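Read left to right, the sequence shown gives residues 582 to 762 (the working numbering). C-beta: ideal position from N, C-alpha, C; glycine also. In this text, all values refer to a predicted model and were calculated from it rather than measured experimentally.
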Amino acid sequence: MTNAILKTLALLLFVAGSAQAQLFITQAGESSFFSKTPMENISAVNKKAGAVLNSQTGELAVRMTMTDFNFPNKLMQEHFNENYVESEKYPYAFFRGKIQPMPDLSKSGTYDVSAVGTFDLHGVKKERTLPGKLTVQGDKITLQADFQVALVDHKIEVPKLVFAKIAEVIDVKNLFTLTKK
C-alpha cells in the first residue's frame with residue numbers, strides 16, 4: 582500500500598474525529614482466507630493491508646489491494662484475480678466502521694470488541710458486525726477479527742464446472758498491529 586493511500590485513510594478518520602485524536606496505523610496488516618471443500622482447499626494471504634484507527638472515536642478504516650493476495654499456486658492466484666474478484670474492475674476491498682465498545686487505550690490488556698460498519702468487496706457494500714479482539718500494549722494496538730464471507734453476498738460467481746472446488750462461504754482471518762502516528 583502506498584503512503585498516499587495510507588494518508589488518505591488517515592485523513593478520512595482524522596476529519597471524522599477530533600483534532601485531539603491519536604491515530605494508530607499499519608501498512609502491513611495481514612488478511613488471509615481459506616476455502617475448504619472435499620475436492621480442494623484454497624488459501625491465500627495478503628500482508629500489505631492498510632488500517633487506521635482513531636483512538637478517540639473508535640473509527641476504523643481498512644483497505645487492501647486484491648492483487649496482493651498470494652496463493653501457493655500461481656494458477657489459483659490468476660483465477661482469483663481474473664475470474665472471481667475481478668481485480669482489474671474491483672482492485673480493493675474496504676472496511677469502514679467503528680470499534681464497539683471502544684476500550685480505554687491507556688490501559689494494557691485484551692478486550693472483546695466488534696467492528697460495526699460497511700464491508701465493500703467486489704463492488705458490493707454490506708453492513709457487517711465483525712467480532713474480534715483488541716490488545717493494547719503501550720503504543721501498539723493489535724486487532725484480530727475472524728469472520729466468514731458468503732460469495733453470493735458480494736455477487737462473486739463461481740462457474741458450475743468448478744463449484745465443487747470452491748466453498749460458498751469463505752473463512753477470513755485478519756491480524757493488524759497498529760502503532761501510534
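Distance, residue j Cα to residue i Cα
{"i": "residue 639", "j": "residue 651", "result": "30 Å"}
{"i": "residue 683", "j": "residue 613", "result": "25 Å"}
{"i": "residue 598", "j": "residue 656", "result": "Here residue 598 scores only 49 on pLDDT, less than 50, and its place in the model is too uncertain to base an answer on."}
{"i": "residue 615", "j": "residue 760", "result": "28 Å"}
{"i": "residue 739", "j": "residue 731", "result": "12 Å"}
{"i": "residue 628", "j": "residue 611", "result": "4 Å"}
{"i": "residue 755", "j": "residue 727", "result": "6 Å"}
{"i": "residue 641", "j": "residue 723", "result": "13 Å"}
Reduced DSSP category for residue i - H, G, I as helix; E, B as strand; rest coil
{"i": "residue 656", "result": "helix"}
{"i": "residue 727", "result": "strand"}
{"i": "residue 745", "result": "helix"}
{"i": "residue 648", "result": "helix"}
{"i": "residue 701", "result": "strand"}
{"i": "residue 734", "result": "helix"}
{"i": "residue 665", "result": "helix"}
{"i": "residue 611", "result": "strand"}
{"i": "residue 673", "result": "strand"}
{"i": "residue 695", "result": "strand"}
{"i": "residue 686", "result": "coil"}
{"i": "residue 758", "result": "strand"}
{"i": "residue 708", "result": "strand"}
Buried or exposed by the 16-neighbour rule on C-beta atoms within 10 Å, applied to residue i
{"i": "residue 750", "result": "exposed"}
{"i": "residue 710", "result": "exposed"}
{"i": "residue 664", "result": "exposed"}
{"i": "residue 689", "result": "exposed"}
{"i": "residue 719", "result": "exposed"}
{"i": "residue 768", "result": "The structure shown does not extend to residue 768, since the chain is modelled only from 582 through 762, so no value can be given for it."}
{"i": "residue 691", "result": "exposed"}
Presumed contact (8 Å Cβ cut-off) between residue i and residue j, rounded CB distance
{"i": "residue 668", "j": "residue 681", "result": "In fact, because the Cβ distance is near 31 Å, the residues do not count as touching under 8 Å."}
{"i": "residue 725", "j": "residue 752", "result": "So it is not a contact: roughly 14 Å between Cβ atoms."}
{"i": "residue 678", "j": "residue 698", "result": "2 Å"}
{"i": "residue 721", "j": "residue 620", "result": "In fact, because the Cβ distance is near 41 Å, the residues do not count as touching under 8 Å."}
Cβ shell of residue i (< 6 Å), same chain only, five flanking positions each side left out
{"i": "residue 686", "result": "636 and 717"}
{"i": "residue 786", "result": "Summary: the structure shown does not reach residue 786, with the chain confined to residues 582 through 762, and so no result is reported for it."}
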